[in-house]
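See below for the structure under consideration.
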Amino acid sequence: MTELIDGNAVAADVRDGLADAIGTLADAGHTPGLATVLMSDDPASQTYVSMKQRDCEEVGIDGTHVELDPEADASELYDTIDELNGDPSVHGILVQMPVPEHVETRRVLRAIDPAKDVDGFHPENVGRLVAGNARYKPCTPHGVQKLLEASDVDPEGKDAVVVGRSDIVGKPMANLLLQKQPGGNATVTVCHSRTKDLAAKTRQADIVVAAAGVPEMLDGSMLSEGVTVIDVGVNRVDVAERSSAGSRTPSDDADTGKGYELVGDVDFESAKEKASAITPVPGGVGPMTRAMLLYNTVKAASEQEG
Ligand code: GUN
Numbered sequence: 001m002t003e004l005i006d007g008n009a010v011a012a013d014v015r016d017g018l019a020d021a022i023g024t025l026a027d028a029g030h031t032p033g034l035a036t037v038l039m040s041d042d043p044a045s046q047t048y049v050s051m052k053q054r055d056c057e058e059v060g061i062d063g064t065h066v067e068l069d070p071e072a073d074a075s076e077l078y079d080t081i082d083e084l085n086g087d088p089s090v091h092g093i094l095v096q097m098p099v100p101e102h103v104e105t106r107r108v109l110r111a112i113d114p115a116k117d118v119d120g121f122h123p124e125n126v127g128r129l130v131a132g133n134a135r136y137k138p139c140t141p142h143g144v145q146k147l148l149e150a151s152d153v154d155p156e157g158k159d160a161v162v163v164g165r166s167d168i169v170g171k172p173m174a175n176l177l178l179q180k181q182p183g184g185n186a187t188v189t190v191c192h193s194r195t196k197d198l199a200a201k202t203r204q205a206d207i208v209v210a211a212a213g214v215p216e217m218l219d220g221s222m223l224s225e226g227v228t229v230i231d232v233g234v235n236r237v238d239v240a241e242r243s244s245a246g247s248r249t250p251s252d253d254a255d256t257g258k259g260y261e262l263v264g265d266v267d268f269e270s271a272k273e274k275a276s277a278i279t280p281v282p283g284g285v286g287p288m289t290r291a292m293l294l295y296n297t298v299k300a301a302s303e304q305e306g
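Okay, so the sequence shown: first residue is 1 according to the UniProt record's numbering, each after it adds one.
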């Protein structure tokens, strides 16, 4: 029997687990504060940010949102970050990525006060993560660790293959799985667009984390029996194209009613024939990313007010 890893349920547990810390802060007269900054008119980014704001409201985090014209000068973004850095009611700052091309991503990440960098993307925090002393674990890979833990899959001694090498998911994921710490101790292989014979690598894996951003690039033929599959992909695929290509299956439940479907980096139907446990898209990693952002924000508030 293949276990379907329920990200919504694990995320709800993470949110419930924050109640004590939020209560302790409230007793001392503090409310955790998260500022989100969006400088994009990409509908997916807009949706992500509004979901993050809604999550804040639900758990008792004070959410503020700043929206900047994507055509505005980069200095507007840096000024906004400076203001938020100096605002004691804001404990965490998240600038939704990607930022427009005329804005230098590295400079944005460096501008955020590392103590408020709840994404964990500031070079100081990246360095700490790599050194095994993370301040904030980046939300998506941290969420993946929690999903593995909740499914009783201990990476220790296992062969883990991470497909994708992004700064947001692939690299920190590989680092976390490698750490000599609970949730780590795996033998990690990182695959990417230049990897030769990807299937040979993924077939070796006990755990596959698919985070390449390529719709359904991995299928059951590339996996070994009993593998745990964590699908980080969130790809918007045109419904019309997908049904005309004949790849749509009757069990597809990812239709958004908006002309596109969300599909992962894994072909779910064939992968689930091989996997002992697998995450769905949606309802797998996505809710965990959001829950771990709340976790990091509460941690930031506890440290700044403690
Ligand atoms: N864009 C896609 N994922 C993320 C994330 O985890 N944090 C931020 N800030 N932007 C993103």
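Using N, Cα and C, we set each Cβ at its ideal position, and we do this for glycine too.
- Within the stretch 227-293, the alpha helix (DSSP H) runs of at least 4 residues that lie entirely inside it are, in chain order, 239-244 and 268-274.
- Rounded to the nearest whole angstrom, the CA to CA distance from Ser270 to Ala115 is 43 Å.
- If you draw a 10 Å sphere on the C-beta of Met222, you find 16 or more other C-beta atoms in it, and that means buried.
- Annotation: the continuous beta strand (DSSP E) that includes Val37 extends over Gly33 to Leu38.
- In this structure, Gly257 lies away from Asn8, with their beta-carbon atoms at least 9 Å apart.
- Under the DSSP assignment, Ile93 falls outside any alpha helix (DSSP H), being part of the beta strand (DSSP E) whose first and last residues are Gly92 to Val95.
- Judged by pairs of C-beta atoms under 8 Å, the stretch 161-170 touches the stretch 208-227, as three or more such pairs exist.
- In the displayed model, Glu149 falls within a helix according to three-state DSSP.
- Sequence-distant Cβ neighbours of Ser40 in its own chain, meaning closer than 8 Å and more than five residues away, are Gln46, Pro70, Gln96, Pro98, Val99 and Pro100.
- Counting only the Cα atoms, Leu176 lies some 30 Å from Ser89.
- DSSP places Glu104 outside both helix and strand once states are collapsed to three, so it counts as coil.
- A distance below 6 Å between beta-carbons, with the five flanking residues on each side excluded, links Ala277 to the following residues of its chain, in chain order: Glu3, Ile5, Ser151 and Thr228.
- Around the C-beta of His30, 16 or more other C-beta atoms lie within 10 Å, and the residue is accordingly described as buried.
- Annotation for Val239: Asp255, Gly259, Tyr260 and Glu261 place their beta carbon closer than 7 Å to its own, counting only its chain and skipping 5 residues before and after.
- Ranked by Cα distance from Gly184, the options Gln204, Lys137, Ala199 and Glu225 are led by Lys137.
- For Leu177, the three-state secondary structure derived from DSSP is helix.
- Looking at Cys139, Asp167, Lys171 and Pro182, the one whose alpha-carbon comes closest to that of Lys158 is Pro182.
- Under DSSP, Glu67 forms a beta bridge with Leu38.
- By a beta-carbon distance limit of 8 Å, Leu38 does not contact Cys139. Their separation comes to about 16 Å.
- Relative to the ligand GUN, the beta carbon of Thr202 is positioned no closer than 8 Å to any heavy atom.
- With fewer than 16 neighbouring CB atoms inside 10 Å of its own CB, His102 falls in the exposed class.
- Apart from sequence neighbours up to five positions away, the residues of its chain that approach Ala275 with a beta-carbon distance below 6 Å are Thr2, Val227 and Val229, ordered along the chain.
- With a 10 Å radius around the Cβ and a threshold of 16 neighbouring Cβ atoms, Ala12 comes out exposed.
- Looking at the DSSP output, Cys139 sits in no beta bridge, so it has no partner there.
- When DSSP states are grouped into helix, strand and coil, Asp27 belongs to the helix group.
- With a cutoff of 9 Å on beta-carbon distance, His91 and Glu305 are scored as near each other.
- For the 9 Å CB-CB criterion, Thr297 and Gly33 form a contact.
- Where Ile207 is concerned, the enclosing beta strand (DSSP E) starts and stops at Ile207 to Ala210.
- Ranked by how close their Cα comes to the Cα of Pro155, the residues Gly132, Arg106 and Ala205 have Ala205 in first place.
- Between the ligand GUN and the CB of Pro32, the shortest heavy atom gap is not smaller than 8 Å.
- Across the set Gln179, Ile22 and Leu77, the C-alpha of Ile22 shows the shortest separation from the C-alpha of Cys56.
- Collapsing the DSSP output to three states places Thr195 in coil.
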